[in-house]
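Asker: Numbering (the numbering used here), first residue to last: 11 to 206.
Next comes the structure, spelled out in structure tokens:
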């Protein structure tokens, strides 16, 4: 039996909902009841309103793969993805906090730090590039060529990273199960099928 006590949800706004082939729909309940139903079922991976009219009603629950999620610049629906309570102390959250505090070197493995075989400026640059790679907006992320240039050229000027995607600095799971803290890298795969 799974223990899903303390789990919450990360809201993804403005998305195309995942494939509903294996989802369960109930049009007779409210979105709040849908959240409670999903919280009570440890195999529930995500939920959404089945109708977005009038602020949303009904319920779609996914208990298997979340396939074909896409983010829209305009419009789209809200999808609430379940996050385990243990994801609160993620590495991304720690990296962002240490970067803001000016102590990114603290992320270095103790074995490397103890040997003194590193330059603080190189560690800070690596953390800066890593944080740029996880920016919320794709246009804020560097291309691979820019990553290679940034890591191989200490003189290259880099922009300051902004708040990473899937990261916020407030408390933890609120009483209604809405996720409001930390960073998380979800194991969600988005596949786009293209012809040759």
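Glycine included, C-beta positions come from ideal geometry on N, C-alpha and C.
1) So does the segment 18-38 actually touch the segment 78-88, counting three or more Cβ pairs closer than 8 Å?
2) Is the beta carbon of residue 128 sitting closer than 8 Å to the one on residue 137?
3) Our contact map puts residue 71 next to residue 38 with C-beta atoms below 8 Å; I'd like the distance itself, whole angstroms only.
4) With DSSP collapsed to three states, give me the class of residue 145.
5) Where does residue 185 land, buried or exposed, given buried means 16+ other C-beta within 10 angstroms?
6) Pull up the DSSP beta-bridge partners for residue 25, would you.
7) Can you give me the Cβ contacts of residue 118 inside the same chain, cut-off strictly under 6 Å, excluding the 5 residues immediately before and after it?
8) Helix, strand or coil for residue 191? Go by DSSP, reduced to three states.
9) Determine the direct distance from the alpha carbon of residue 150 to that of residue 69, and round the result to whole angstroms.
10) Measuring straight from C-alpha to C-alpha, what distance separates residue 40 and residue 15?
11) Taking 8 Å as the cut-off, decide whether the C-beta atoms of residue 92 and residue 29 are in contact.
12) Going by DSSP, what residue range makes up the alpha helix (DSSP H) through residue 14?
13) I'd like to know whether the C-beta atoms of residue 105 and residue 140 end up nearer to each other than 8 Å.
14) Would you identify the three-state DSSP class for residue 54, choosing helix, strand or coil?
15) Since residue 156 is in the alpha helix (DSSP H), which residue starts that stretch and which ends it?
Answerer: If we stick to the structure as given:
1) Verdict: yes, contact present.
2) Taking C-beta atoms as the reference points, residue 128 and residue 137 fail to come closer than 8 Å.
3) 13 Å between Cβ atoms; not a contact.
4) In this structure, residue 145 counts as strand in the three-state DSSP scheme.
5) Residue confidence for residue 185 is low, a pLDDT of 47 falling below 50, so the modelled location carries little weight; the figure read from the coordinates is stated next. Looking at its Cβ environment, which holds fewer than 16 other Cβ atoms inside 10 Å, residue 185 is exposed.
6) Residue 25 pairs with 81 and 87.
7) Same-chain partners within the cutoff: 133.
8) The predicted model places residue 191 with a pLDDT of 42, which falls under 50 and marks its position as unreliable, so this point remains unresolved.
9) The alpha-carbon atoms of residue 69 and residue 150 are separated by roughly 34 Å.
10) Between the alpha carbons of residue 40 and residue 15 lies a gap of roughly 22 Å.
11) Between residue 92 and residue 29, the CB-CB gap reaches or exceeds 8 Å.
12) Element bounds for residue 14: n/a, residue is neither H nor E.
13) Contact check for residue 105 against residue 140 passes: the beta carbons are separated by less than 8 Å.
14) Coil, per DSSP.
15) Residue range 154-162 is occupied by the alpha helix (DSSP H) that includes residue 156.
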